[in-house]
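Peer 1: Take a look at this one; I'll ask things after.
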């Protein structure tokens, strides 16, 4: 089995090294003779040293000129050579236990992909309340936060990858289609919960909870319009990190 880890990265010079360090450590902790891996970082038209730092860590670096996370994820998948794809965000720390839980599922031959519940690096009171309310929903609806999505390579291609009409929310959209595919083929999609990866709260630090909650409300009320309007999504695309 070969695992291709794909990391979309836009101006991630501050965090990509830590992401790759944790990922490499988790892969070493789960090393075995029948498991190969590759790490692909997709530089999504960064203006900082993201690509250089990733190369120095031994990652394979690709360039996607159109600044859109769905396109960056798809570019990495197109170049991947693994049987399984794992999409990880550049501000996320994958733990050894996260990979171990995922690899155990892959060995069953009935799981075709899935995601994980969330865990934040520096949760304040609002973040803890948000996780308390949202993680049960993630498990119940089988939502797939973009910080950690895994999928069988052939299934990813059958689904057509991430929707490039969406500038955000492409992770949830992909998870919804993955769930439908798994049901149609009488296979399973799973959400990891025993040892979730740790992702950052930098958007809260940069923009505050008020702006983020307004964006979430807009998403709930006008999901299609919001996901396709890049001008409304500065928290993802204004380059601040």
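Numbering (the numbering used here), first residue to last: 3 to 243.
The beta carbon of each residue, even a glycine, is placed where N, CA and C say it ideally should be.
#1: Nearest CA to the CA of residue 12: which residue from 227, 141 and 71?
#2: I think residue 115 touches residue 191, with their Cβ atoms under 8 Å apart; what is that distance to the nearest whole Å?
#3: Can you give me the start and stop residues for the beta strand (DSSP E) that residue 175 sits inside?
#4: Let me check understanding here. Comparing Cα to Cα, which of 63, 97, 17 and 43 lies closest to residue 25?
#5: Pairs of beta-carbons, one from the segment 218–227 and one from the segment 115–129, closer than 8 Å: are there three or more?
#6: At 3 residues or longer, what runs of the beta strand (DSSP E) sit wholly inside the segment 14–102?
#7: On the criterion of 16 or more Cβ atoms from any shown chain inside 10 Å, does residue 123 qualify as buried, or is it exposed?
#8: Are the beta-carbon atoms of residue 6 and residue 82 separated by less than 9 Å?
#9: So, at 6 Å on beta carbons, what are the nonlocal neighbours of residue 92 in its own chain, with the 5 sequence-adjacent residues on each side left out?
#10: For the alpha helix (DSSP H) that residue 228 lies in, which residues bound it at each end?
#11: Please confirm whether residue 59 and residue 23 have their CB atoms less than 9 Å apart.
#12: Does residue 95 pass the burial test, meaning 16 or more other C-beta atoms within 10 Å, or should it be called exposed?
#13: Helix, strand or coil: how does DSSP classify residue 104 here?
#14: Verify whether the separation of the beta carbon atoms of residue 214 and residue 228 is less than 9 Å.
#15: Would you tell me roughly how many angstroms separate the C-alpha atoms of residue 175 and residue 104, rounded to the nearest one?
#16: Comparing alpha-carbon positions, which option in 90, 48, 49 and 63 lies nearest residue 28?
#17: Between which residues of its own chain and residue 193 is the CB-CB distance below 7 Å, once the five residues before and five after are set aside?
#18: Give me the Cβ distance between residue 125 and residue 37, rounded to the nearest whole Å; I'm assuming they're in contact under 8 Å.
#19: Do residue 179 and residue 87 come within 9 Å of each other at the CB atom, strictly closer than that value?
#20: Could you check how far apart the C-beta atoms of residue 128 and residue 211 are, in whole angstroms? I think they sit under 8 Å.
#21: If I follow the unbroken beta strand (DSSP E) through residue 152, where does it start and stop?
#22: So residue 6 is in the beta strand (DSSP E); what residue range does that whole segment cover?
#23: Where DSSP assigns a beta bridge to residue 113, which residues make up the other side?
#24: Looking only at its chain, what residues have a beta carbon closer than 6 Å to the beta carbon of residue 100, apart from the 5 residues adjacent to it on each side?
Peer 2: Working from what's here:
#1: Of the candidates 227, 141 and 71, the one whose C-alpha sits nearest the C-alpha of residue 12 is 71.
#2: Separation of the CB atoms of residue 115 and residue 191 is rounded to 6 Å, and the pair is thereby assigned contact status at 8 Å.
#3: In the DSSP assignment, residue 175 falls outside any beta strand (DSSP E) and within the unbroken alpha helix (DSSP H) covering 172–186.
#4: That would be 97, whose Cα lies nearest to the Cα of residue 25.
#5: Fewer than three beta-carbon pairs drawn from the segment 218–227 and the segment 115–129 are found closer than 8 Å, and the two stretches are therefore not classed as touching.
#6: Listed in chain order, the complete beta strand (DSSP E) runs (minimum 3 residues) inside the segment 14–102 are 38–45, 62–65 and 86–90.
#7: Taking a 10 Å sphere around the C-beta of residue 123, we find fewer than 16 other C-beta atoms and assign the residue as exposed.
#8: Yes, these two residues count as a Cβ contact at 9 Å.
#9: Sequence-distant Cβ neighbours of residue 92 in its own chain, meaning closer than 6 Å and more than five residues away, are 9, 11, 14, 17, 18 and 21.
#10: Looking at the DSSP string, the run of the alpha helix (DSSP H) that includes residue 228 is 225–230.
#11: Taking 9 Å as the Cβ cut-off, residue 59 and residue 23 qualify as a contacting pair.
#12: When all chains shown are included, residue 95 counts as buried.
#13: Shown here, residue 104 sits in a helix according to DSSP, grouped into three states.
#14: The beta carbons of residue 214 and residue 228 sit no closer together than 9 Å.
#15: Looking at the two C-alpha atoms, the distance is approximately 21 Å.
#16: Of the candidates 90, 48, 49 and 63, the one whose C-alpha sits nearest the C-alpha of residue 28 is 90.
#17: Taken in chain order, the residues that qualify are 116, 117, 118, 119, 140, 141 and 144.
#18: Rounded, the Cβ-Cβ distance is 32 Å, inconsistent with contact.
#19: No, these two residues do not count as a Cβ contact at 9 Å.
#20: With a Cβ gap of about 5 Å, residue 128 and residue 211 count as contacting.
#21: Secondary structure note for residue 152: its beta strand (DSSP E) is the uninterrupted segment 150–154.
#22: 4–11 is the extent of the beta strand (DSSP E) around residue 6.
#23: Residue 113 is bridged to 190.
#24: By the criterion of a C-beta distance shorter than 6 Å, residue 100 is surrounded in its chain by 197 and 199, once the five residues flanking it on both sides are discounted.
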